[in-house]
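J.: According to the working numbering, the sequence shown is numbered sequentially starting from 3. Glycine residues also receive a C-beta, built at the ideal position from the N, C-alpha and C atoms.
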Amino acid sequence: MVEYSSLTCPHCAAFHNDTLPTIKKEYIEAGKVKLEMRDFPLDQFALRAAAMARCAPEARYFALMDLLFKQQAKWSRAQNPIDELKKIGRFAGIAPEQADACMTDKTLLDGILEARLLAQRTHDIRSTPTFIIGNVKVSGNQSIEEFRSVFDGQLT
């Protein structure tokens, strides 16, 4: 399963906070499905958050992504979202100076945007979250029952 998401997308946060834990338990931990997360930033703050996450130590990347989605409403609506992102980055071992460097790294930012454009062209992605599961495209935060139906159909 390839997930295209934006770190400022409330539907993406709902998927990560509510639906993904069940998918992890029933499919990922059981070895039936692998999850590949791909950034599809919808705004500048999502782009900066994605860049910062890529600078996290590999062992802390998924925990940082979880934290960014769990605290999305707080940091994305803050008076200064960049300062809030830096605070969250500290939990993943990213110093504020390193977070600044990552969030302003033109090569990194351009790479994230190029990957987004490629996904848009390749899979006709128009919203987040969007999932590619085998040969099926699922748009939006669907119910766990919908995901089970798609997974089970692809696994048979």
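Could you give the distance in angstroms between the alpha-carbon of THR132 and the alpha-carbon of LEU119?
T.: 14 Å
J.: What did DSSP end up calling ASP41 once you bin it into helix, strand or coil?
T.: strand
J.: Please state whether DSSP places THR132 in a helix, a strand or coil.
T.: strand
J.: Would ALA121 and TYR6 be called neighbours here (beta carbons separated by less than 7 Å)?
T.: yes
J.: When burial is assigned at 16 or more other CB atoms within 10 Å of the CB, is GLY136 buried or exposed?
T.: exposed
J.: What does the alpha-carbon distance come out to for the pair ALA48 and ILE134?
T.: For ALA48 and ILE134, the gap between their C-alpha atoms comes out near 21 Å.
J.: Should GLN74 go down as buried or exposed, given a rule of 16 or more other Cβ atoms within 10 Å for buried?
T.: Here GLN74 is buried. Its C-beta has 16 or more other C-beta atoms within 10 Å.
J.: What are the partner residues of TYR29, as DSSP defines its beta bridges?
T.: None; TYR29 has no bridge partner.
J.: So, with DSSP's three-state summary, where would you put SER78?
T.: Three-state result, SER78: helix.
J.: Cβ atoms of MET105 and ARG62: under 7 Å apart, would you say?
T.: no
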